[in-house]
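Read through the structure below, which is laid out as structure tokens, and then see the notes.
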Amino acid sequence: MLEWEQVPTRRAVVDLNRRCNARCRMCYYAHSSERWTKPLEAVREELIAARQRGNFYVDFTGGEPTVHPQILEIIQSALELGLEPCVITNGVAPRRIAKIADAGCREWLLSIHGLEETFDWILDVPGAWARMSETIRLLKERGCYLRVNCTLTRYNAHQLPDLARFYAEVVDPHIVNFINFNPYYEWGAASQPEVYQRLNEVQVPVSEVAPFLREAIDILEEEGIWTNVRYFPMCLLKGYEKHVCNIPQVMFDPFEWDYGAHPKTVEAYAQVAKGMASRILSREGKCASCGVREVCGGINRNYYRLHGDGELQPYDAIASEVYAFRDDLSADIIIPAYRPSANLMRLMNEIVEKTQPPYNVILIQKAQSAARNRNWGLERARSRYIIMLDDDIVNLPYGWNRALIEILRENRHVLAVSARLFRMDGLPGKNTANNYDLSAPLVPVEMIPTACCAFRNTDVRFDERYIRAGWEDTDFFMQLRRARPGIFVIANTVQVVHLNEEKNQGGASNEYNRRLFLAKWYGHVSRAEVAGERPRCEEKLEPRQASTIEN
């Protein structure tokens, strides 16, 4: 594995407090007497440091972040610094949560550890389930982006399949994290043997929870929702290893935190991960002889002391790459290779040098129209993700494909993402939706070009009534948006040079295609949606424009 295949996360974390409005039975701090609240100025200092480390996102944790008396000011501070905030919450204060969302917090990580009475009992808060249900309704009503955490315990292991159905049918999260309970902090303190002995009340043996966990993963995967399983021995999830995110992977997971690592290099992050592993994990017994111990990391040291390793099933085959089991990050890269050229040769060399495996390259030619050629590529695509890439793109950054894919993985509401296109003189190109906002990592736009973009594999196809080139790509993205609600974004974190950016007209001079587009989308497009192409549509299409060609 090439070292740049590991992309350091750009998500920070700020711990706001130890105060909480619930008493979760498996909380890491359940046996702690601390009840501190971090002052606003100290929070701001941590946010500044997080931004200086190159982060774009920040998760607020606790305790319960929503009970911090200055949480609204904290959200505003994060936004002012260019950090997209996410609050981790138990959801039992829906009205306060709605105010925080209205203050600008668009992303929420909901801790949903059980259903109905089980949820109330785990949190030790009567009516907690009704409050969480109201929280979900209010956040979805506001268009917020939701993720879910679920800690695996004896209390909820049998409910995992039903929980998965609830997540899919009601919450509709971008991702679900199943987190194996591990005895950290006071739970594992040798000075509190009475607490340590109570672990059996909370901690479920991994072999007992594994069957329920596999079923839950299957349910969510069927609904297109990605699942991360954290801190779980891979040998108990054979066949599902790609979902396991243990300490060796966690520093490179976009949903996890950077733990203060700096600079953002593979070496710096790997060093932090090794330090975490040495403090937490055991490689004794069966783990010592396992062929994938460098990938899995081992088993929690306190779990090993309590349960031993009789349930573990070591691997014979040897693997050491962090992502040895990951196949969900693959993409088919479709390139219109109209003819052998210096541009194409240069691009292929850049792909080999700078693209993170696994990926496939599908070359299409100018034998027919652009729409038919692109459909030819789509029909042969087998990966989860599709990347369209013109042969006049240069200066691909290392890991460019993984960066685009991670945006789609982390943001289910994003239908397609384009790299930021620059001209040779270093100025932003007009074909990146005429949007020159470079301040945020992701910029929502009405339309994107196909020069360097990514989207999920889809049944949507280019309309082959379009001849030669022009407007067929805009039509495709219109279809994509009609098939599923969502947005298009420009990724300022992926910057490339488009050689034809200064003179490219986007095929807008093809009058036949223009009239076809106007006829087909009469009443559905506005001026902004076809920005960057000439001639542009009127603010709303007139009936006379829609009468030339039948839809």
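This note's numbering applies: residue 4 is where the sequence shown begins, and numbers increase by one.
Backbone N, C-alpha and C define an ideal beta-carbon position, used for all residues, glycine too.
Every value quoted in this text rests on a predicted model; they were computed, and no experiment measured them.
**OP:** Counting only the same chain and skipping the five closest in sequence on each side, list residues whose C-beta sits under 7 angstroms from that of proline 2.
**Re:** The structure shown has nothing for residue 2, since the chain only spans 4 to 554.
Subject >> alanine 25 to leucine 149 span [Cα, whole Å] >> reply: 21 angstroms
Subject >> Closest Cα partner of arginine 109 within the set Pro88, Pro97, Arg134 >> reply: Pro88
**OP:** Apply the 10 Å Cβ neighbour rule to alanine 320 and answer buried if 16 or more other Cβ atoms are within range, or exposed otherwise.
**Re:** exposed
Subject >> Spatial distance of arginine 517 from isoleucine 470 (CA atoms) >> reply: 10 angstroms
Subject >> proline 339, DSSP secondary structure in three states >> reply: strand
Original post:
Could you give the distance in angstroms between the alpha-carbon of glycine 65 and the alpha-carbon of glutamate 475?
Top reply: 49 angstroms
Original post:
With a Cβ-Cβ cutoff of 7 angstroms, do isoleucine 337 and isoleucine 365 count as a contact?
Top reply: yes
Original post:
Excluding sequence positions up to five away, which residues of its chain have a Cβ less than 7 angstroms from the Cβ of arginine 54?
Top reply: Leu84, Gly85, Leu86
**OP:** Leaving aside the five residues before and after aspartate 394 along the sequence, list all residues of the same chain whose C-beta is less than 8 angstroms from its C-beta, in chain order.
**Re:** Ile338, Pro339, Ala340, Tyr341, Ser344, Asn346, Leu347, Leu350
Subject >> Collapsed DSSP secondary structure at glutamine 274 in the structure displayed >> reply: helix
**OP:** With a threshold of 16 other CB atoms inside 10 Å of the CB of valine 179, please say whether the residue is buried or exposed.
**Re:** buried
**OP:** Please look up how many angstroms separate the CB atoms of alanine 457 and valine 420, rounded, as I've assumed it's under 8 angstroms.
**Re:** 5 angstroms
Subject >> Residue range of the unbroken alpha helix (DSSP H) whose run includes tyrosine 318 >> reply: Neither: tyrosine 318 is in no alpha helix (DSSP H) and is coded neither H nor E.
Subject >> Under 7 angstroms between C-beta atoms of valine 446 and aspartate 440 >> reply: yes
Subject >> First through last residue of the alpha helix (DSSP H) which encompasses tyrosine 306 >> reply: 304 to 310
Subject >> Which residues DSSP lists as bridging alanine 574, in chain order >> reply: Coverage of the chain is limited to positions 4 through 554, which leaves residue 574 absent and any answer about it impossible.
**OP:** Count the C-beta pairs between the segment 97 to 115 and the segment 135 to 148 that are closer than 8 angstroms, then say yes if the count reaches three, no if not.
**Re:** yes
Original post:
CA-CA distance, asparagine 20 and glutamate 218?
Top reply: 35 angstroms
Original post:
Which of the three DSSP states, helix, strand or coil, is assigned to alanine 531?
Top reply: Its pLDDT being 36, under 50, alanine 531 is placed unreliably by the model, and the measurement read from it follows with that caveat. Three-state DSSP puts alanine 531 in a helix.
Subject >> Cut-off 6 angstroms between Cβ atoms - residues of its own chain near glutamate 259, not counting five sequence neighbours on either side >> reply: Thr12, Val253
**OP:** Counting only runs of 4+ residues fully inside the segment 64 to 110, write out the alpha helix (DSSP H) ranges in chain order.
**Re:** 74 to 83, 97 to 105
**OP:** List the endpoints of the continuous beta strand (DSSP E) containing alanine 52.
**Re:** Per DSSP, alanine 52 belongs to no beta strand (DSSP E); it is in the alpha helix (DSSP H), 43 to 55.
Subject >> CA-to-CA distance, alanine 486 to asparagine 391, given in whole angstroms >> reply: Here the sequence assigns methionine to residue 391, which means asparagine is not the residue at that position. Each residue's Cα considered, the two are about 19 angstroms apart.
Original post:
Which runs of the alpha helix (DSSP H) fall wholly inside the segment 397 to 436 and span at least 4 residues, in chain order?
Top reply: 403 to 413
Subject >> Collapsed DSSP secondary structure at serine 285 in the structure displayed >> reply: strand
Original post:
Can you list, in chain order, the residues of its chain whose CB lies under 6 angstroms from that of asparagine 231, leaving out five sequence neighbours each side?
Top reply: Asn180, Cys248
Subject >> Which of helix, strand or coil DSSP assigns to asparagine 346 >> reply: helix
Original post:
Contact check, proline 97 vs arginine 134 under 8 angstroms by CB: the rounded distance?
Top reply: 6 angstroms
Original post:
Does the Cβ-Cβ distance between alanine 213 and leucine 239 come in under 7 angstroms?
Top reply: yes
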